[in-house]
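Chains as they are written, first to last, in full-length UniProt numbering: chain S, 1 to 212; chain R, 1 to 212.
Right under this line is the structure:
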């Protein structure tokens, strides 16, 4: 693992003025505290810094082996994905919302004859519910985000790559799909085999912390 | 790091029948595939197993140093938390939902004179929106989850401990609070200083994977 320029700078500042708070570090570096979050978390995890509650950071100088971080990208989506909850495109919005609550999920995936055609999130439903649409008479097929506009992933991808898609596209979950041989009007078609949400990634993080 | 009994069993089965899929492992162990998820992810990350897409698991036998996992619990919430979005308890539900969309967050925290008194999530709002309540005339103070029923955390806690609270209580986010000296009717009072959601934890996971 190679430290970034900013991480090297942080280490230098901590050595000079320890203990030092993240606010003080942010000020000295001329960045927001938010911008430092990841660097401080990583330097703490790899044992270079130590975070003392209410005191600040001190130099621990005890770097651990980081080979395990390389392996993060070897964990495959197929082995941590959950069962997707699907509805037919003709389901009325109200019934779909009730189904969402019954299954306690954040997103419903929409199918037509076994083909993934769209998705509707809790956020989409809330927008529709306060927007004056008759939720008893409009089917989910009308309000869903349609393929090919859904961000999808394959079971063979890494959990890391899917977590990255979730953050970059600011979405809650990603359908895990398999390509179907038949095309429709020249377009690729997919069936849904799973889903990965921020919950799956958070659970993985907790399991990592628990395993020691 | 000490492997669990099940992890040892998995390693034995992989050595005997590699490559072996997670479905086959689940069947041999008499558990669901879901139950194996975390174990397979951890054994892959620590370099004992290797996951081959579409083939299955093989024995890699190359365990990495896991000291970094002990350090997960040293990352403090105060250094990865986000800014909380708050509303006054007298804000009407409709206005609060619009405010939720404007800020693009999943939960609003409710304050009264600087004291945290409750929270309302996208899920709560959706339930109210389809339930026949007049969202233009009911204030959030009436529909919120009230203190002390909110799961809270302190900035000095570890990110790991808060991620665990999120999973165990099946919630989307946790307000990060500070105790206020004055009690109210003999009860502790808190102000809100931040929040941690599944998004923060997913971001941390992505940063860890990126850092190599």
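Quick reminder that beta carbons are idealized off the backbone N, C-alpha and C, glycines included. Please read all numbers here as calculations on a predicted model, not as lab measurements.
Could you please tell me which residues of the stretch 62-91 of chain S, in chain order, have their CB closer than 9 Å to any CB of chain R? Residues 62, 64, 65, 66, 67, 68, 69, 70, 71, 72, 73, 74, 75, 76, 78, 79, 80, 81, 82 and 83.
Which residues of chain S have a Cβ atom closer than 7 Å to the Cβ of residue 156 of chain R, listed in chain order? 53 and 54
Check the C-beta distance from residue 93 of chain R over to residue 143 of chain R and give it rounded, since I have them as a contact under 8 Å. 6 Å
Please check the pair residue 13 of chain S and residue 28 of chain S, which I expect to be a contact at CB under 8 Å, by giving their CB distance rounded to whole angstroms. Between residue 28 of chain S and residue 13 of chain S the Cβ distance is about 6 Å, and since that is below 8 Å, they are a contact.
Taking only runs of the alpha helix (DSSP H) that begin and end inside the stretch 2-89 of chain S, which ones reach a length of at least 4 residues, in chain order? Runs of the alpha helix (DSSP H) inside the stretch 2-89 of chain S: 5-17, 22-29, 33-45 and 67-71.
With 7 Å as the limit, tell me which residues of the stretch 191-206 of chain S have their beta carbon closer than that to any beta carbon of chain R; keep them in chain order. Identification of residues in the stretch 191-206 of chain S having a C-beta nearer than 7 Å to some C-beta of chain R yields 198, 199, 201, 202, 203, 204, 205 and 206, given in sequence order.
Go through its chain and collect everything with a Cβ distance to residue 182 of chain R's Cβ below 7 Å, but skip five positions before and after it. 189
Less than 8 Å between C-beta atoms, sequence neighbours within five positions excluded: which residues of the same chain meet that for residue 49 of chain S? 10, 11, 14, 40, 43, 57, 58, 59 and 60
If you follow the beta strand (DSSP E) that residue 210 of chain R is part of, which residue opens it and which one closes it? Premise fails: residue 210 of chain R lies in the alpha helix (DSSP H), 198-210, not in any beta strand (DSSP E).
Measure the C-alpha to C-alpha separation of residue 135 of chain S and residue 201 of chain R and round it to an integer number of angstroms. 34 Å
Cβ separation of residue 191 of chain R and residue 178 of chain R, assumed to be a contact under 8 Å, to the nearest whole Å: 6 Å
According to DSSP, is residue 142 of chain R helix, strand or coil? Here residue 142 of chain R sits in helix by DSSP.
Given 8 Å, three or more beta-carbon pairs between the stretch 68-84 of chain S and the stretch 93-103 of chain R: At 8 Å Cβ cutoff, the stretches do not touch.
Could you tell me whether the Cβ atoms of residue 68 of chain R and residue 167 of chain S are closer together than 7 Å? no
Whether or not the stretch 105-119 of chain R and the stretch 74-90 of chain R are in contact is what I'm after, with contact meaning three or more pairs of Cβ atoms, one per stretch, closer than 8 Å; do they touch? yes
Integer-rounded CB distance, given that residue 196 of chain S should sit under 8 Å from residue 120 of chain S: Their Cβ separation, rounded to whole angstroms, is 17 Å, which puts residue 120 of chain S and residue 196 of chain S out of contact at 8 Å.
In this structure, does DSSP put residue 165 of chain S in helix, strand or coil? helix
Give me the chain S residues within the contact set of residue 102 of chain R, using Cβ-Cβ distance strictly less than 8 Å, ordered along the chain. Going along chain S, no residue has its Cβ under 8 Å from residue 102 of chain R, so there is no contact; the nearest lies around 12 Å.
Take residue 128 of chain S as the anchor and find which of S:115, S:145 and S:114 has the nearest alpha-carbon. S:145
Contact check, residue 122 of chain S vs residue 116 of chain R, beta carbons under 7 Å: no
Return helix, strand or coil for residue 153 of chain S, following the three-state DSSP convention. strand
Answer with yes or no whether the minimum CB distance from residue 121 of chain R to chain S is below 7 Å. no
From S:176, S:130, S:158 and S:83, pick the residue whose C-alpha is nearest to that of residue 209 of chain R; which is it? S:158
Anyone know if the C-beta pair for residue 205 of chain S and residue 34 of chain R falls short of 7 Å? Contact: no.
Could you tell me which chain S residues have their CB closer than 9 Å to the CB of residue 173 of chain R, listed as they occur along the chain? Near residue 173 of chain R there are no residues of chain S at all, since even the closest Cβ is about 11 Å away, more than 9 Å.
What's the C-alpha gap between residue 104 of chain S and residue 171 of chain R? 11 Å
Residue from S:80, S:55 and S:124 whose Cα sits closest to the Cα of residue 194 of chain S: S:80
Using a Cβ-Cβ cut-off of less than 8 Å, give me the residues of the stretch 124-135 of chain R that come near chain S, in sequence order. 125, 126, 127, 129, 130 and 135
The ligand HEM heavy atoms versus the CB of residue 192 of chain S: any closer than 6 Å? No copy of the ligand HEM occurs in the structure displayed, which carries no ligand at all.
Below 8 Å on C-beta distance, what does residue 96 of chain S contact in chain R? The contacting residues do not exist; residue 96 of chain S stays about 11 Å from chain R at best.
Could you please give the first and the last residue of the uninterrupted alpha helix (DSSP H) stretch that includes residue 137 of chain R? That residue, residue 137 of chain R, is in no alpha helix (DSSP H); it is neither H nor E in DSSP.
What residues of chain R sit near residue 166 of chain S, judged by a beta carbon separation below 8 Å? Here the neighbours are 202.
Residue 103 of chain S, enclosing alpha helix (DSSP H) - first and last residue: 93-103
If residue 156 of chain R sits next to residue 53 of chain S, beta carbons under 8 Å apart, how far is it from one beta carbon to the other, in whole angstroms? 3 Å
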